[in-house]
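> Listed in order, the protein sequences are those of chains A and B. Numbering-wise (the working numbering), the first sequence opens with residue 571 and increments by one. Numbering-wise (the working numbering), the second sequence opens with residue 571 and increments by one.
2 protein chains.
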Amino acid sequence: MNNKINVAVVGATGAVGREMMNILEERNFPIGQLKLFATEKSKGKKFTVQGEDYVVDTIKPGSFKDVDIALFSIGSTPSKKIAPQAAEEGAVVIDNSNAFRMDDNVPLVVPEINMEAAGQHNGIIANPNCSTIQMVLALKPIYDQVGIKRLVISTYQAVSGTGKDAIDELEKQIKAYVNGEELESEVYPHQIAFNVLPHIDIFYDNGYTKEELKMERETKKILNDDSLRITATAARIPVFYGHAEALNIEMEEELEIKEIKQLLDDTQGVEVVDVPGEEVYPLPVQSEENDQVMVGRIRKDFSVDKGINMWVVANNLRKGAALNAVQIAEELISI
Amino acid sequence: MNNKINVAVVGATGAVGREMMNILEERNFPIGQLKLFATEKSKGKKFTVQGEDYVVDTIKPGSFKDVDIALFSIGSTPSKKIAPQAAEEGAVVIDNSNAFRMDDNVPLVVPEINMEAAGQHNGIIANPNCSTIQMVLALKPIYDQVGIKRLVISTYQAVSGTGKDAIDELEKQIKAYVNGEELESEVYPHQIAFNVLPHIDIFYDNGYTKEELKMERETKKILNDDSLRITATAARIPVFYGHAEALNIEMEEELEIKEIKQLLDDTQGVEVVDVPGEEVYPLPVQSEENDQVMVGRIRKDFSVDKGINMWVVANNLRKGAALNAVQIAEELISI
Numbered sequence: 571m572n573n574k575i576n577v578a579v580v581g582a583t584g585a586v587g588r589e590m591m592n593i594l595e596e597r598n599f600p601i602g603q604l605k606l607f608a609t610e611k612s613k614g615k616k617f618t619v620q621g622e623d624y625v626v627d628t629i630k631p632g633s634f635k636d637v638d639i640a641l642f643s644i645g646s647t648p649s650k651k652i653a654p655q656a657a658e659e660g661a662v663v664i665d666n667s668n669a670f671r672m673d674d675n676v677p678l679v680v681p682e683i684n685m686e687a688a689g690q691h692n693g694i695i696a697n698p699n700c701s702t703i704q705m706v707l708a709l710k711p712i713y714d715q716v717g718i719k720r721l722v723i724s725t726y727q728a729v730s731g732t733g734k735d736a737i738d739e740l741e742k743q744i745k746a747y748v749n750g751e752e753l754e755s756e757v758y759p760h761q762i763a764f765n766v767l768p769h770i771d772i773f774y775d776n777g778y779t780k781e782e783l784k785m786e787r788e789t790k791k792i793l794n795d796d797s798l799r800i801t802a803t804a805a806r807i808p809v810f811y812g813h814a815e816a817l818n819i820e821m822e823e824e825l826e827i828k829e830i831k832q833l834l835d836d837t838q839g840v841e842v843v844d845v846p847g848e849e850v851y852p853l854p855v856q857s858e859e860n861d862q863v864m865v866g867r868i869r870k871d872f873s874v875d876k877g878i879n880m881w882v883v884a885n886n887l888r889k890g891a892a893l894n895a896v897q898i899a900e901e902l903i904s905i
Numbered sequence: 571m572n573n574k575i576n577v578a579v580v581g582a583t584g585a586v587g588r589e590m591m592n593i594l595e596e597r598n599f600p601i602g603q604l605k606l607f608a609t610e611k612s613k614g615k616k617f618t619v620q621g622e623d624y625v626v627d628t629i630k631p632g633s634f635k636d637v638d639i640a641l642f643s644i645g646s647t648p649s650k651k652i653a654p655q656a657a658e659e660g661a662v663v664i665d666n667s668n669a670f671r672m673d674d675n676v677p678l679v680v681p682e683i684n685m686e687a688a689g690q691h692n693g694i695i696a697n698p699n700c701s702t703i704q705m706v707l708a709l710k711p712i713y714d715q716v717g718i719k720r721l722v723i724s725t726y727q728a729v730s731g732t733g734k735d736a737i738d739e740l741e742k743q744i745k746a747y748v749n750g751e752e753l754e755s756e757v758y759p760h761q762i763a764f765n766v767l768p769h770i771d772i773f774y775d776n777g778y779t780k781e782e783l784k785m786e787r788e789t790k791k792i793l794n795d796d797s798l799r800i801t802a803t804a805a806r807i808p809v810f811y812g813h814a815e816a817l818n819i820e821m822e823e824e825l826e827i828k829e830i831k832q833l834l835d836d837t838q839g840v841e842v843v844d845v846p847g848e849e850v851y852p853l854p855v856q857s858e859e860n861d862q863v864m865v866g867r868i869r870k871d872f873s874v875d876k877g878i879n880m881w882v883v884a885n886n887l888r889k890g891a892a893l894n895a896v897q898i899a900e901e902l903i904s905i
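1) Beta carbon of A:E682, beta carbon of A:Q838: below 8 Å?
2) At 3 residues or longer, and completely inside the stretch 650-728 of chain B: list those beta strand (DSSP E) runs for me, N to C.
3) Taking all protein chains shown into account, decide if B:D871 is buried (16 or more other Cβ within 10 angstroms of its Cβ) or exposed.
4) For the alpha helix (DSSP H) that A:D835 lies in, which residues bound it at each end?
5) Under the assumption that B:R806 contacts B:I772 (Cβ atoms under 8 Å), give the Cβ distance between them as a whole number of angstroms.
6) Can you check which of these residues, B:I792, B:T628, B:G731 and B:A656, is closest to B:K635 by C-alpha distance?
7) So which residues on chain A does B:L793 lean against when the C-beta distance must stay under 9 Å?
8) Could you pull out every residue in the same chain whose Cβ sits closer than 6 Å to the Cβ of A:K734, ignoring the five residues on either side in sequence?
9) Judging by CA-CA distance, which residue of B:G877, B:K613 and B:G660 is the nearest neighbour of B:Y624?
10) For B:M571 and chain A, any beta-carbon pair shorter than 8 Å?
11) Here's the rule: buried if 16 or more other CB atoms are within 10 angstroms of the residue's CB, otherwise exposed. What is B:S797?
12) Would you mind reading off the limits of the beta strand (DSSP E) that contains A:D771?
13) List the whole-angstrom C-beta distance separating B:S701 from B:A804, where the pair is believed to meet the contact cut-off of C-beta under 8 Å.
14) Helix, strand or coil for B:V842 per DSSP?
15) Would the beta-carbon of B:A814 fall within 8 Å of that of B:V863?
16) Determine, using beta-carbon pairs with one atom in the stretch 832-847 of chain A and one in the stretch 723-739 of chain A, whether at least three such pairs fall under 8 Å.
17) Do A:R671 and the ligand ATP come close, with the Cβ less than 7 Å from some heavy atom?
18) Could you list which residues in chain B have their beta carbon closer than 9 Å to that of A:K745, in chain order?
19) Given that a residue counts as buried once 16 or more other Cβ atoms are within 10 Å of its Cβ, and exposed if not, what is B:N765?
20) Among B:D844, B:G847 and B:E826, which residue has its Cα nearest to the Cα of B:G877?
21) Going by DSSP in three states, B:V863 sits in which element: helix, strand or coil?
22) Between the beta-carbon of B:F670 and the beta-carbon of B:I703, is there less than 8 Å?
23) Tell me which residue opens and which closes the beta strand (DSSP E) that B:D735 is part of.
24) Listing by chain order, which chain B residues have their CB less than 8 Å from the CB of A:R588?
25) Would you list, in chain order, the members of the stretch 775-809 of chain B that have their beta-carbon closer than 7 Å to a beta-carbon of chain A?
26) What's the gap between the Cα of A:K605 and the Cα of A:E596?
27) Based on Cα-Cα distance, which residue from A:P648, A:Y713, A:P759 and A:P631 lies nearest to A:L740?
28) Using the beta-carbon of each residue, which ones in chain B are nearer than 7 Å to A:S873?
29) Between the stretch 847-875 of chain B and chain A, which residues of the former have a C-beta closer than 8 Å to a C-beta of the latter?
30) Counting only the same chain and skipping the five closest in sequence on each side, list residues whose C-beta sits under 8 Å from that of A:N573.
31) One question on the structure: do B:D861 and B:K889 come within less than 8 Å of each other, judged by their Cβ atoms?
32) Measuring straight from C-alpha to C-alpha, what distance separates A:M571 and A:I905?
33) Only counting the same chain, and skipping five residues up and downstream in sequence, which positions put a Cβ closer than 6 Å to that of B:P768?
34) Would you say B:Y713 faces chain A, with C-beta separation under 8 Å as the test?
35) On the premise that B:G866 lies in contact with B:V842, defined as a C-beta separation below 8 Å, what is that separation, rounded to the nearest angstrom?
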């Protein structure tokens with residue numbers, strides 16, 4: 571590829587799309603041409619990236635002709651339609667939706683973990699689910715060192731994971747509460763302010779949500795290990811930014827807590843935030859200013875052999891989505 | 571005891587104390603005399619219970635002389651001092667604090683589970699922790715039927731569990747946010763609005779919080795089984811009322827999901843709320859109007875033999891505290 575890269579952001583006006591533009595700017599991504607795409611209703615919106623003004627357009631045949639890398643963050647259904655068009659027109663698509671993640675022909679990539687898989691792409695690379703990315707980053711050093719037998723996961727997920735409409739809905743409900751007005755729900759099936767919904771994405775007949783099964787399946791694919799045993803409960807809480815996860819981990823072999831802390835400390839993209847006596851532990855609000863995956867509350871689980879508990883927090887829009895996508899792009903162009 | 575019972579509410583102006591008065595009224599508790607106690611700063615406050623007006627007073631020697639049952643909801647430290655006085659002056663104390671829960675001479679009681687233990691009291695009966703009460707109620711029928719080997723718990727706890735000051739703090743932070751002002755924290759060490767704190771009660775050297783260890787120890791005491799293996803992560807979330815819990819349960823023997831639902835359905839104080847396809851599952855906001863312990867998201871855990879996951883929600887101030895205490899009192903007077 572050239573020194574300057576022609577980039578497209580598809581879904582530019584969404585919560586993740588906006589972060590993609592922020593991150594391209596912050597990280598001085600070597601943008602040649604930049605194209606911003608969204609649906610008809612956002613056509614004409616303007617954004618400034620790296621000092622240049624850009625206008626949002628809709629996608630037409632040929633839209634991706636000169637594009638080197640297309641960062642997609644639209645829903646699964648539109649991605650299934652448009653990503654193959656972009657790939658056919660010559661772009662490498664980095665897709666943030668669920669559309670291609672479990673496709674055997676599509677690599678599912680966290681750059682710090684399995685960038686080598688990205689080399690096998692056929693025009694599309696999938697970005698994992700936000701909850702999966704932060705979890706596998708925290709698990710990988712432990713997995714490599716001693717192996718992992720079983721995981722029990724509970725998530726505490728921010729509304730921004732649903733998208734901009736959900737951020738607006740929590741915002742509106744909070745205002746309605748303060749003004750003594752009725753709280754209205756459109757994006758979620760129930761009030762999200764001052765509530766917890768044990769429901770993210772659709773339900774399957776086995777009682778699990780798609781989000782819960784994504785965490786299982788994507789983790790197995792990224793670590794390339796189908797023998798891992800994983801169960802999850804995913805819950806949405808009234809937080810704007812930053813997903814938290816309580817992880818209960820059964821390791822294959824013993825590892826001391828201080829060794830685990832050292833391993834995590836030595837891991838790129840991970841930061842140990844764990845001084846409970848001084849009230850220092852990972853918090854969603856901290857993730858607004860910190861792109862690292864924060865791990866804390868690391869402690870022995872006395873209820874099982876070789877067990878530990880830990881608490882993992884990261885910015886779901888950035889490392890959980892836009893940043894991971896841009897990092898994949900950076901690695902691609904450095905190859 | 572007489573037909574009419576002389577009752578004292580100690581800590582009457584707190585979040586739980588107020589609920590105690592509400593519940594005495596709602597359930598037509600046969601009150602003879604009622605005394606309301608609090609600290610100096612609340613002296614003179616007035617409350618109406620069952621149509622009678624009462625004035626809050628401070629405690630003096632002899633305050634409990636004519637009291638049959640004293641419902642305590644003050645901190646652990648004052649309880650340790652005042653509960654023995656009340657017991658010595660002839661009252662039966664039902665104490666909501668942590669002061670006596672693990673005391674071998676004090677029964678720890680959930681009336682639906684181990685009311686027989688209450689008969690052994692020496693003047694003081696302890697009310698379990700709010701998170702423990704709702705959990706053991708949901709576990710008991712499974713425990714009785716097939717036994718439980720191991721529990722992995724993650725909690726999503728409301729601020730009202732901390733007390734009235736914490737409710738006010740979340741309220742203030744929400745208002746500050748809407749008004750574009752700075753969010754100030756006094757009760758919690760960090761902002762609670764739009765955040766999650768993996769920190770309830772103090773930290774021990776082993777990395778656990780007191781809340782997490784309470785759930786383990788109290789459950790073992792109530793079920794009278796030290797062989798249970800339990801590990802917990804307790805987190806505070808920006809919800810006013812209603813604690814939620816993600817429970818991962820390893821049973822001793824196989825039990826089908828539909829049998830578990832039937833068992834829970836047949837359990838007094840428990841309600842199965844579990845039609846995920848219709849977006850029906852337990853929610854903290856529902857617990858404001860429902861005194862049952864709600865259980866939903868009941869599903870097989872495919873990662874372990876004889877495993878299940880479930881989601882348990884209850885009103886932490888009512889069944890988790892005030893209601894459980896009044897129910898103990900009701901059972902005591904019916905003996």
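Each residue gets a CB set at the ideal place from its N, CA and C atoms; glycine is no exception.
Working from what's here:
1) yes
2) 662-665, 694-696 and 718-727
3) buried
4) I827 to D835
5) So it is not a contact: roughly 14 Å between Cβ atoms.
6) B:A656
7) Residues of chain A passing the Cβ test: none, with the nearest at roughly 15 Å.
8) G584 and A585
9) B:K613
10) Low confidence applies to B:M571: its pLDDT is 47, below 50, so where it sits in the model is not reliable, and the reading given next is rough at best. Chain A, which has no Cβ nearer than 8 Å to the Cβ of B:M571, makes this no.
11) exposed
12) No beta strand (DSSP E) contains A:D771, which DSSP labels as neither H nor E.
13) 7 Å
14) strand
15) no
16) no
17) Among the components of this structure there are no ligands whatsoever, and the ligand ATP is therefore not found.
18) V748
19) buried
20) B:E826
21) strand
22) no
23) Per DSSP, B:D735 belongs to no beta strand (DSSP E); it is in the alpha helix (DSSP H), K734 to V748.
24) In chain order: nothing, as chain B lies at least about 19 Å away.
25) N776, G777, Y778, R799, I800, T801, T803, A805, I807, P808 and V809
26) 18 Å
27) A:P759
28) R720, R799, I800 and T801
29) G847, E849, Y851, P852, L853, P854, V855, G866, R867, I868, R869, K870, D871, F872, S873 and V874
30) P600
31) yes
32) Residue placement at A:M571 is poorly supported in this model, since its pLDDT is 47, which falls under 50; the coordinates still yield a value, given next. Distance between the alpha carbons of A:M571 and A:I905 is about 9 Å.
33) A805
34) no
35) 7 Å
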